[in-house]
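When we follow the numbering used here, the leftmost residue of the sequence shown carries the number 84, and every step to the right adds one. These notes concern the structure reproduced below.
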Amino acid sequence: AQYFDQHPEYFSLVNGQRVAMQLCLTNPDVLKIVIKELDKKINDAPELKYWSVSQNDDIGACECEKCIALNKKHESYQGSLLTFINQIAAKFPHKTISTLAYNFSRKPPVGLKPLGNVNIMFSAIDINRSKPLDADPRSERFRIDFDEWEKLTSNIIVWDYVVQFTNYI
């Protein structure tokens, strides 16, 4: 709401149009704004250790040339996201910058590691809760992604859901 009208280039390019669904993570102005705003929030609450900088709970990852290049290079949408997060984490080495590995960004990157103060909030939204994770074929992608993330970092929190989306009652 604050930036879209004046700076649509700050937002994701989807099917050739800028949309206010996600940020364009390779835009240097977006990085500067996020660092500036996060710095203000950290200064207001310096006792807090964890700070979340994550994608929105929506689709629409940026398809601009630079974001696509990073994502292809690292074989995951984490190419652009984790590159962005690592730059933020480098500015706040005494804080933990937590980011989601969720939905389109759950697959870990190839050739890119989170900095030591980056926490991966690994989503378990699509697992089958009626069977053990280690044996259920429906949970195979979850197991593979988690194992690959674990090769990159031990700073992982599994974000599980206690809701049954197909039957709320």
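Each residue gets a CB set at the ideal place from its N, CA and C atoms; glycine is no exception.
| Query | Result |
| --- | --- |
| Please determine, among 123, 147, 129 and 128, the residue with the shortest C-alpha to C-alpha distance to residue 98. | 147 |
| Using DSSP with H/G/I as helix, E/B as strand and the rest coil, what is residue 179? | strand |
| Heavy atom of the ligand NAP less than 7 Å from the Cβ of residue 249, yes or no? | Judged by which ligands are present, the structure shown has none, so any question about the ligand NAP falls away. |
| CA-CA distance, residue 139 and residue 105? | 6 Å |
| Would you identify the three-state DSSP class for residue 250, choosing helix, strand or coil? | coil |
| Is the number of C-beta pairs between the stretch 129-138 and the stretch 164-184 that are closer than 8 Å three or more? | yes |
| Per the DSSP calculation, residue 218 is bridged to which residue(s)? | According to DSSP, which records beta bridges pairwise, residue 218 is partnered with nothing at all. |
| What is the DSSP secondary structure of residue 202, counted as helix, strand or coil? | strand |
| In the DSSP output, which residue or residues are listed as bridge partners for residue 95? | 102 |
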